[in-house]
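Asks: Protein chains in written order, with the working numbering: chain A, 773 to 1387; chain B, 361 to 659.
Rendered as structure tokens:
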């Protein structure tokens, strides 16, 4: 006799396969086109060529596996659990003598079984095909199977979770898409709000780690999409370079592709969380009320979360959008208008969600207390941010924990990274403080002045600020002018700014170099000896104080000629690029003159300036 | 025995079942009646394990039904909105049922091809509503359930097929001792097949009794008096309803017909006749007692 208490039900699995075989057919057909068919067409041309490895196809397809997992994980989960969205079908399924837990496990097993069966067929075809060509990449095929299966497990679990929390079939794919991109959307929203409210707010480059980890498509795509190969070890002829698309430049043999080691961590973590999501979904399924079929949110406890999350995030995002439309021609921030936009959009979102949840347009009478709560919270958020209750604007990094600073002052042509000397850091902190205190003046049409500061802290974190000052206001401020002057004339800043990040203490062995002009038709190769002469001359100039400047002088083209040449001094480890030469680099100019470059070639000179200096 | 004990079920604040208590004795055909929205379908979904009660318990022979596959193998249901997979035929649905119910009888399945004039290879969704109902009966009865729960079972069936279906059901009751719980608005039909009746209203079970007890306990009297004026009736008689046409009075009274007739002799009637009440009349008068506003309209 069949067990009624088994953890899964064979009949349900069989039924799933019978019902959803078209989906399995589509999934398998796409994989067959992506792997065996593509391989057949391509391998015939490439097989036997040096640097060609059949396993490379499989590694290429791991990224495709991610896309397939996202699409088919979502489709399969919604297909097998679609009965939860309809009161008739849920009535049939839950009246059957199978426990809810066993039903859940049966559906998961059936989907994973179908996906695995499809991939196994593709794998067998791939093996047969590679065997025909004479070289079977078993390891790559096994890894492809494993990686695709793990990704599918995660996205299937995510899709199932979406189906568990909603009773409305249309909501499931929307929720699935939103969950896959929510972290990006929220991060972007917070960044926009930060830019709006906080003077000096600076994004991190790229996306914060938490955002990346909460967006598995991005994280897995970054690592699995990487065309990873071990470092080449053997120098060979150039025929191998055909496969790099750059004939004649490759000087090492192509090694077979491998799974990017950086993908292993994310794969393991997402697999673990896939299992966690499955466990959560199982728990929710066993507690889900059958009568929730047709409800946008299946659990009563989740409704306030859904209602207020959408209302608050929607209020902020749409409010920001409305505000930007209403103030498109205004430079000044208008807090009252902004708050009205937040409140309007928040209430709009609140009632829209309320209508969805209650499945009725008659929500205004019962819903107004919630709408008022949303409005109050949005106003408090707006006012709180405006008042900077977190102290973001005035916050300075802990002096004792600063490792180094990257400084970028666009209009002074100052860009220096790795600044770590005590005097420099003190000067930068002083500038930071005075700018934070005095710099918040509306930027007008006359111009702006950008200062970027990035402090690398002992614990590896980055403390960033990005200031856009009003140029006229900054020029009028003695405190800002003095602090700027101190920073840009620091010895370390001058050295690193001139030598492209080098501090002049390195022992460099030059191999040669070249000089090219931005405007004149002048390109000149230089010897190792000349490269050394140029470098030595620069060091002498820097030691004599060259590279010093007054703040805001770059704004005046009449007195500040633009460097018109680009000099690269090649050495074994990296090189030195000189493109910020100024008239006070006298030793350097002398050497360059000896090498045939006159001052008119070196600088984009204003006629009045040339006359003044006798050029 | 199938029991619902103090079942409470609330949907978004609406109390659909309000401490409903109901007992279906083994081997009986139990008719569940009540006005629209009384909670009949809701309690049936509890009996089939689809809904979980907020409080109270549903028991089959003392075992809870909810999330109990062993118990659920013994009962089968035909809901008012029977569901089938959109692409499925009767034969394919039969495989599902056969996989779920250990007692599924393929021999009976083949025999029933004679009863139901349906093509079991045809997709069910291509069939008419009545044919789909036949398919539901075909499949459910092949599960050989000990307990059969039916919600508006013969809705959509033609009169011949209704008779056929009832005949099959009663045959199972007689031969296999199947217990049937049936909810319907067709009281005349229930009267012919049920031996027990439960009446629900506003989420409560107002009364449940065997049909004979029920009919014994309420009586309809037609009385004509000598005088024009109606005499004073004995105070101990509980009159549920009274009406008059000419000199003939009609009373609906609670109690045994024989006792009531004996007591009514004190009014010296010219004519006194006790007529048994139909289930429909019992339903209407009981509902009238529960503030159900149809009594006067009907009478």
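Every residue gets a Cβ at the ideal spot worked out from N, C-alpha and C, and that includes glycine. Note that this is a predicted model, so its numbers are computed, not measured.
(1) Please go through the same chain and pick out, in chain order, the residues whose beta-carbon is closer than 7 Å to the beta-carbon of residue 964(A), but skip the five residues on each side of it.
(2) Could you give the DSSP three-state label for residue 376(B): helix, strand or coil?
(3) Given a cut-off of 8 Å on the beta-carbon distance, is the pair residue 537(B) and residue 422(B) in contact?
(4) Round the Cβ separation of residue 807(A) and residue 915(A) to the nearest angstrom and send it over; I've been treating them as touching at under 8 Å.
(5) Which same chain residues, not among the five before or five after residue 1115(A), have their C-beta less than 6 Å away from its C-beta?
(6) Using the beta-carbon of each residue, which ones in chain A are nearer than 9 Å to residue 478(B)?
(7) Could you compute how far the alpha carbon of residue 1054(A) sits from the alpha carbon of residue 875(A)?
(8) Give me the residue from 547(B), 444(B), 472(B), 410(B) with the minimum Cα distance to residue 643(B).
(9) Just curious, the alpha helix (DSSP H) that residue 1204(A) is in, first and last residue?
(10) Rounded to whole angstroms, what is the Cα-Cα separation between residue 1289(A) and residue 1371(A)?
(11) Residue 1188(A) and residue 1175(A) - do their beta-carbons sit closer together than 8 Å?
(12) Taking all protein chains shown into account, decide if residue 367(B) is buried (16 or more other Cβ within 10 angstroms of its Cβ) or exposed.
(13) Say whether chain B places a C-beta atom closer than 8 Å to the C-beta of residue 1408(A).
(14) Check the DSSP bridge columns for residue 1095(A) and list the partner residues they point to.
(15) Since residue 871(A) and residue 443(B) are thought to touch, with beta carbons under 8 Å apart, how far apart are those beta carbons, to the nearest angstrom?
(16) Run through DSSP, which three-state label would residue 810(A) get?
(17) In terms of alpha-carbon separation, which member of 1067(A), 868(A), 961(A), 886(A) lies closest to residue 940(A)?
(18) Whole angstroms are fine: how far does the CA of residue 943(A) sit from the CA of residue 361(B)?
(19) Give the range of the alpha helix (DSSP H) segment to which residue 841(A) is assigned.
(20) Name the chain A residues whose beta carbon is nearer than 8 Å to that of residue 472(B)?
(21) Within 8 Å of any Cβ in chain A, is that where the Cβ of residue 465(B) sits?
(22) Residue 424(B) bridges to which residues according to DSSP?
(23) Excluding sequence positions up to five away, which residues of its chain have a Cβ less than 7 Å from the Cβ of residue 935(A)?
(24) Closer than 8 Å is the cut-off here; do at least three beta carbon pairs connect the stretch 917-931 of chain A with the stretch 1033-1048 of chain A?
(25) Can residue 1259(A) and residue 1203(A) be called in contact, C-beta distance under 8 Å?
(26) Using a Cβ cut-off of 8 Å (strictly closer), state whether residue 439(B) contacts chain A.
(27) Excluding five sequence neighbours on each side, which residues of the same chain lie with their C-beta closer than 6 Å to the C-beta of residue 579(B)?
(28) On a CA-only basis, which of 645(B), 478(B), 630(B), 499(B) is nearest residue 587(B)? Give me that one, please.
(29) In the structure shown, what three-state DSSP assignment does residue 473(B) receive?
(30) Is it buried or exposed, residue 788(A), if we count other Cβ atoms within 10 angstroms and call 16 or more buried?
(31) Under 8 Å, with one C-beta from each stretch per pair, do the stretch 506-513 of chain B and the stretch 431-438 of chain B reach the 3-pair mark?
(32) Would you say residue 1061(A) faces chain B, with C-beta separation under 8 Å as the test?
(33) What runs of the beta strand (DSSP E), each 3 residues or longer, lie entirely inside the stretch 530-556 of chain B?
(34) Quick one: using the 10 Å Cβ neighbour count with 16 as the cut-off for buried, is residue 826(A) buried or exposed?
(35) Along chain A, in chain order, which residues have C-beta atoms closer than 7 Å to that of residue 563(B)?
(36) Mind checking the stretch 413-445 of chain B against chain A and listing, in chain order, the residues whose C-beta falls within less than 7 Å of any C-beta there?
Replies: Based on what the coordinates show:
(1) 1092
(2) strand
(3) no
(4) Rounded, the Cβ-Cβ distance is 13 Å, inconsistent with contact.
(5) 1147, 1150
(6) Within 9 Å Cβ-Cβ: nothing; residue 478(B) doesn't reach chain A, min ~19 Å.
(7) 10 Å
(8) 547(B)
(9) 1194-1210
(10) 12 Å
(11) no
(12) buried
(13) Not covered by the structure: residue 1408(A). The range shown for chain A is 773 to 1387.
(14) Answer is none; residue 1095(A) lacks a bridge partner.
(15) At roughly 19 Å, the Cβ-Cβ gap does not stay under 8 Å, so residue 871(A) and residue 443(B) are not in contact.
(16) helix
(17) 1067(A)
(18) 42 Å
(19) 827-852
(20) Within chain A, no residue comes near residue 472(B); the closest Cβ sits about 20 Å away, beyond 8 Å.
(21) no
(22) 419(B)
(23) 849, 850, 853, 856, 944
(24) yes
(25) yes
(26) yes
(27) 613, 617, 620, 634
(28) 630(B)
(29) coil
(30) buried
(31) yes
(32) yes
(33) 539-543
(34) buried
(35) Here the premise fails: no neighbours, minimum Cβ distance about 15 Å.
(36) 427, 429, 430, 432, 433, 437, 439, 441, 443, 445
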